[in-house]
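Chemist: In our numbering, each residue carries its 1-based index in the sequence shown increased by 24. Virtual Cβ for every residue (Gly too), placed ideally from N, Cα, C.
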Amino acid sequence: MNLRRLGPEYYDRLPIYPPGKPIEETAREFGLAEDQIAKLASNENVLGPSPKAVAAIQAALPKLNLYPDGSAFYLKEALCRRYSNYGVTFDHLLPANGTNEVIELLMKSILQPDEKIAVWTPTFIIYELCCRSNGRQVVHVPMDPDFTYGVDAMIQAIESDPKIKMVFLANPNNPTGSWVGADWMGEFIQRLPSDIVFILDEAYKEFVRAENQADGISIALGRPRTLTMRTFSKAYGLAGIRVGYGIGDRDMVALLNKARAPFNCNSLAQAAAVGALEDEEFLVASRELVENQLPALRRGLEGFGVKTWDSQTNFLLGDFQQPFDPLFPKFLEEGVILRPMTGYGLPTFARVNIGTEANHHRLWAACEKILG
Numbered sequence: 025m026n027l028r029r030l031g032p033e034y035y036d037r038l039p040i041y042p043p044g045k046p047i048e049e050t051a052r053e054f055g056l057a058e059d060q061i062a063k064l065a066s067n068e069n070v071l072g073p074s075p076k077a078v079a080a081i082q083a084a085l086p087k088l089n090l091y092p093d094g095s096a097f098y099l100k101e102a103l104c105r106r107y108s109n110y111g112v113t114f115d116h117l118l119p120a121n122g123t124n125e126v127i128e129l130l131m132k133s134i135l136q137p138d139e140k141i142a143v144w145t146p147t148f149i150i151y152e153l154c155c156r157s158n159g160r161q162v163v164h165v166p167m168d169p170d171f172t173y174g175v176d177a178m179i180q181a182i183e184s185d186p187k188i189k190m191v192f193l194a195n196p197n198n199p200t201g202s203w204v205g206a207d208w209m210g211e212f213i214q215r216l217p218s219d220i221v222f223i224l225d226e227a228y229k230e231f232v233r234a235e236n237q238a239d240g241i242s243i244a245l246g247r248p249r250t251l252t253m254r255t256f257s258k259a260y261g262l263a264g265i266r267v268g269y270g271i272g273d274r275d276m277v278a279l280l281n282k283a284r285a286p287f288n289c290n291s292l293a294q295a296a297a298v299g300a301l302e303d304e305e306f307l308v309a310s311r312e313l314v315e316n317q318l319p320a321l322r323r324g325l326e327g328f329g330v331k332t333w334d335s336q337t338n339f340l341l342g343d344f345q346q347p348f349d350p351l352f353p354k355f356l357e358e359g360v361i362l363r364p365m366t367g368y369g370l371p372t373f374a375r376v377n378i379g380t381e382a383n384h385h386r387l388w389a390a391c392e393k394i395l396g
């Protein structure tokens, strides 16, 4: 029997996003206790969630019978306080169900069917998946061999393809940890055609320690057709509740608001985000943990022959100098979850995030056994 095709044809070629393997699944599969597993795959905050965010969630529980505030008034108010020195107003803000939702909204509301996005690669794979799931095309611009961003390469790509409408730049970048400073950004903005929509992803901004940092909010407020995205998943430890936001051009935010679903940011997420923004002590602790532990993690990995690169995030990209996919289950057997990078075109690489001291001890024991 011939049945009408279910779904658009381009979905046949669309891969499914592979998240980091959960602790619970690893425990079931390998017969391990959950507290014996070091999950170092998803760039999560090993300090847990912000205590003030947890308290805010608990206070909001009795009102779960009510719909959320569709305007996210108190979250916007808290963000305006946080960024008062920029003159951020409600009209500049787009609270969302994680930055993934912001990316989806950008694809749905801005790109025409024949228009494209351009990304440096390797980078956060969700840009491509969201683009392709909406039937749009992606132009890949390879990063330089040292995983730095090339201005010339991107500008040449834009000039050679008039269908490119939008450019994504993750700063710092996932999965490489690369970042750009104010001078690089100034040159790129100056050379970027004014009709190109420019999207900055600053999910790891709170971890940046470098001097002369590029200021995404100033860029987003100062250039039309520009938006920067930030999240509560990383530095604030709220990955499980899904809350992020965009800041940028009022006209673009207004357009994205037309495309978003009602009540897109749930009550607990809004409460948690407001609480987290008030928890400066936790934010400082998160930053200090990364600053203190990242050099030790890098030394440890390189001691086992894993090549790493400078990072301004809470993770490292490592080249294990051999195909990593066969190594992945061996690490799982030892209770260590890493993130293979084959899907990013890096078959010998894995991503490793900061863990607790106990996590790192388990990682070193596994490396000793597997890598020798």
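What is the DSSP secondary structure of Arg375, reduced to helix, strand or coil?
Modeler: Reduced to three states, the DSSP call for Arg375 is strand.
Chemist: Run through the segment 274-322 for me and flag every whole beta strand (DSSP E) of 3 or more residues, listed as ranges in chain order.
Modeler: Within the segment 274-322, no complete beta strand (DSSP E) run reaches 3 residues.
Chemist: Quick one: using the 10 Å Cβ neighbour count with 16 as the cut-off for buried, is Ala57 buried or exposed?
Modeler: When all chains shown are included, Ala57 counts as exposed.
Chemist: Assuming the contact rule is C-beta atoms closer than 8 Å, Gly210 and Gln237 should be a hit. Round their C-beta distance to whole Å, please.
Modeler: 12 Å between Cβ atoms; not a contact.
Chemist: Alpha carbon to alpha carbon, what distance is there between Gly240 and Val70?
Modeler: Those two C-alpha atoms are separated by around 26 Å.
Chemist: How long is the line joining the alpha carbons of Pro146 and Tyr173, rounded to whole angstroms?
Modeler: Straight-line Cα distance between these residues: approximately 10 Å.
Chemist: Run through the DSSP bridge pairs and tell me what Pro39 is partnered with.
Modeler: Partner(s): none; Pro39 has no beta bridge.
Chemist: Between which two residues does the alpha helix (DSSP H) containing Phe355 stretch?
Modeler: Segment Phe352 to Glu357, the alpha helix (DSSP H) holding Phe355.
Chemist: Tell me, which residues are paired with Ile243 by DSSP?
Modeler: Paired residue(s): none; Ile243 is not in a bridge.
Chemist: Whole beta strand (DSSP E) runs in the segment 69-152 with 3 or more residues, listed along the chain?
Modeler: The segment 69-152 contains these whole beta strand (DSSP E) runs: 117-120 and 140-145.
Chemist: Ordered along the chain, which non-local residues of its own chain (more than five positions away) have a Cβ less than 7 Å from that of Tyr98?
Modeler: Counting only Cβ-Cβ distances below 7 Å, and skipping sequence neighbours, we find Gln294 and Val298.
Chemist: Does DSSP classify Leu262 as helix, strand or coil?
Modeler: DSSP places Leu262 in coil when its eight states are reduced to three.
Chemist: Specify the secondary structure class of Gly201 as computed by DSSP and reduced to three states.
Modeler: If DSSP states are grouped into helix, strand and coil, Gly201 belongs with coil.
Chemist: Could you pull the start and end residues of the beta strand (DSSP E) that Asp343 belongs to?
Modeler: Note, Asp343: beta strand (DSSP E), Phe339 to Asp343.
Chemist: Report the three-state DSSP secondary structure of Val175 (helix, strand or coil).
Modeler: Correct three-state label for Val175: helix.
Chemist: On a CA-only basis, which of Asn198, Val376 and Met178 is nearest Leu340? Give me that one, please.
Modeler: Per the Cα distances, Val376.
Chemist: So if DSSP puts Leu224 in a beta bridge, which residue, or which two residues, is it bridged to?
Modeler: Note: Leu224 sits in a beta bridge opposite Leu193 and Thr252.
Chemist: Report back the beta-carbon spacing between Gly268 and Gly122 to the nearest angstrom; my notes put them in contact at under 8 Å.
Modeler: Indeed, because the Cβ distance is near 5 Å, the residues count as touching under 8 Å.
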